[in-house]
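Heads up, the sequence shown is in the working numbering, so the first residue is 16 and it goes up one at a time.
To start, the structure itself, in structure tokens.
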Amino acid sequence: RARVARVNLPTGVPSDVALAELRVPIADKPGELERLPGRCGVKIFMGSSTGSLLVADDDTLLTALSSGTRRVAVHSEDEERLRERFDLVRDGANVDQHPVWRDEETALRSTRRILKLARKAGRRLHVLHITTADEMPILAANKDVTTVEVTPQHLTLAAPECYERLGTLAQMNPPIRDERHRAGLWEGVRRGIVDVVGSDHAPHSREEKAADYPRTPSGMPGVQTLLPLLLDHLNAGRLTLPRLVDLTSAGAQRIYNIARKGRIAVGYDADFTVVDLKARREITGDWLASRCGWSPFEGMTVTGWPKATIIRGRIVMREDELPGDPLGEPVQFMETLPRG
Numbered sequence: 016r017a018r019v020a021r022v023n024l025p026t027g028v029p030s031d032v033a034l035a036e037l038r039v040p041i042a043d044k045p046g047e048l049e050r051l052p053g054r055c056g057v058k059i060f061m062g063s064s065t066g067s068l069l070v071a072d073d074d075t076l077l078t079a080l081s082s083g084t085r086r087v088a089v090h091s092e093d094e095e096r097l098r099e100r101f102d103l104v105r106d107g108a109n110v111d112q113h114p115v116w117r118d119e120e121t122a123l124r125s126t127r128r129i130l131k132l133a134r135k136a137g138r139r140l141h142v143l144h145i146t147t148a149d150e151m152p153i154l155a156a157n158k159d160v161t162t163v164e165v166t167p168q169h170l171t172l173a174a175p176e177c178y179e180r181l182g183t184l185a186q187m188n189p190p191i192r193d194e195r196h197r198a199g200l201w202e203g204v205r206r207g208i209v210d211v212v213g214s215d216h217a218p219h220s221r222e223e224k225a226a227d228y229p230r231t232p233s234g235m236p237g238v239q240t241l242l243p244l245l246l247d248h249l250n251a252g253r254l255t256l257p258r259l260v261d262l263t264s265a266g267a268q269r270i271y272n273i274a275r276k277g278r279i280a281v282g283y284d285a286d287f288t289v290v291d292l293k294a295r296r297e298i299t300g301d302w303l304a305s306r307c308g309w310s311p312f313e314g315m316t317v318t319g320w321p322k323a324t325i326i327r328g329r330i331v332m333r334e335d336e337l338p339g340d341p342l343g344e345p346v347q348f349m350e351t352l353p354r355g
């Protein structure tokens, strides 16, 4: 179905016409699309989070899972439950009700469903931004089917304090929950259930975030603060240095079979970051490079700081400065490289 794909429309083309023309090729050839160069796999939103990107019913989910072989990343929230509970936040609610509306059962119900369907279809999953302690045992029992992501935001912030202090700047999907759930995520990291830490970078402007909840967009910037936060957790004894390296580089390479990434070795791209493990720094607004210009972690002092970043042997960040022009290249995946 066309609704599972985001389409950038040519200027001046009515959206209904363009989508009508695109619906058949998108629906009929998912197996071909996933093998195109640069495609990391497939992503499915089971609960509405970003516009109309949504696959909510089991029949469509099973069709998507049965069409292709690449790993399927899943935003796991149950759409039916979200709709049932929306009256909790419809008029005049405070943002601290965000994790009440999108509660633990919303995540649990969705994750159970997608794991069952993936087994039926014989498809590999990657469940994104897990937020509940209760999902970890379920995911641990299904590691032959799925890999698991958490975010620094959910590992660092906790309700209700984050909503009291940050308001809608703390709003993201799935939501930041209370300390019990944060502790459960760390237990998942310690037990090896979690494979990777992802930024879930969503750089909404302050103006967008200043609207009245629940009309405010969910999400926050996260790329630049990911490593400083994890280094701070390292210094606090919550994870080891080898585990940090695995969660930020080798894990992602394993999950998606990324070519020439994830190791410092002959034949691999010279991608690495030099860090000062004991530097104490404050995260400040003037340090942020994102155009959105804010972070929920502004004012936080961390121990551990990136000093330089090297991409394919070239310095792209040194002492908080970004020298030269961007030099990014498309990432390649082993499953899409020419054979023979």
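Glycine residues also receive a C-beta, built at the ideal position from the N, C-alpha and C atoms.
If you're wondering where the values come from, they're calculated on a predicted model, not measured in any experiment.
Could you check if residue i is buried or exposed, using at least 16 other CB atoms within 10 Å of its CB as the buried criterion?
| i | result |
| --- | --- |
| S220 | exposed |
| F312 | buried |
| T316 | exposed |
| R354 | exposed |
| L337 | exposed |
| F101 | exposed |
| M349 | exposed |
| G328 | exposed |
| L10 | Residue 10 cannot be examined here, being either before or after the span of the chain that is shown, 16 to 355. |
| D215 | buried |
| D301 | exposed |
| P232 | buried |
| K224 | buried |
| L352 | exposed |
| G308 | exposed |
| L292 | exposed |
| T166 | buried |
| E99 | exposed |
Taking the alpha-carbon positions, what's the residue i to residue j distance?
| i | j | result |
| --- | --- | --- |
| R86 | Q239 | 26 Å |
| A304 | D74 | 43 Å |
| G137 | S64 | 26 Å |
| V115 | N188 | 12 Å |
| P190 | V104 | 14 Å |
| E92 | E119 | 9 Å |
| V212 | H169 | 10 Å |
| T318 | S264 | 21 Å |
| V193 | L244 | Just to set this straight, residue 193 is Asp in the shown sequence, not Val. Near 19 Å, if we compare the C-alpha coordinates of L244 and D193. |
| P345 | I273 | 11 Å |
| D227 | G343 | 37 Å |
| Y178 | D111 | 5 Å |
| L69 | T288 | 36 Å |
| G53 | Q347 | 6 Å |
| G252 | R128 | 35 Å |
| G277 | L80 | 27 Å |
| R275 | I330 | 18 Å |
| R295 | L246 | 11 Å |
| H141 | T162 | 5 Å |
| P321 | V260 | 13 Å |
| H359 | V57 | What is shown of the chain runs 16 to 355, which leaves residue 359 out entirely. |
| Y283 | T324 | 16 Å |
| M61 | A198 | 25 Å |
| T126 | P341 | 38 Å |
| D159 | H196 | 24 Å |
| G237 | P175 | 20 Å |
Does DSSP classify residue i as helix, strand or coil?
| i | result |
| --- | --- |
| D111 | helix |
| T162 | strand |
| V87 | strand |
| A185 | helix |
| V57 | strand |
| D193 | strand |
| A217 | coil |
| A173 | coil |
| T146 | coil |
| A35 | Residue placement at A35 cannot be trusted, given a pLDDT of 38 that sits under 50; what the coordinates show is reported in the next sentence. Residue state, collapsed to three classes: helix. |
| E92 | coil |
Per the DSSP calculation, residue i is bridged to which residue(s)?
| i | result |
| --- | --- |
| L140 | V87 and T161 |
| V273 | For the sequence presented, residue 273 should be read as Ile rather than Val. Its beta-bridge partners are F348. |
| M235 | H216 |
| V211 | E164 |
| F101 | Answer is none; F101 lacks a bridge partner. |
| T121 | Per DSSP, none; premise fails for T121. |
| T288 | T324 |
Worksheet item: Quick one: complete beta strand (DSSP E) runs, 3+ long, within the region 290-320?
Response: none
Discussion item. Report the start-end ranges of each beta strand (DSSP E) in the region 317-353 that is 3 residues or longer and not cut off at the edges.
Written reply: 329-333
Fill in: Sequence ranges, alpha helix (DSSP H) only - wholly within the region 238-285, length at least 4
238-250, 256-260 and 266-271
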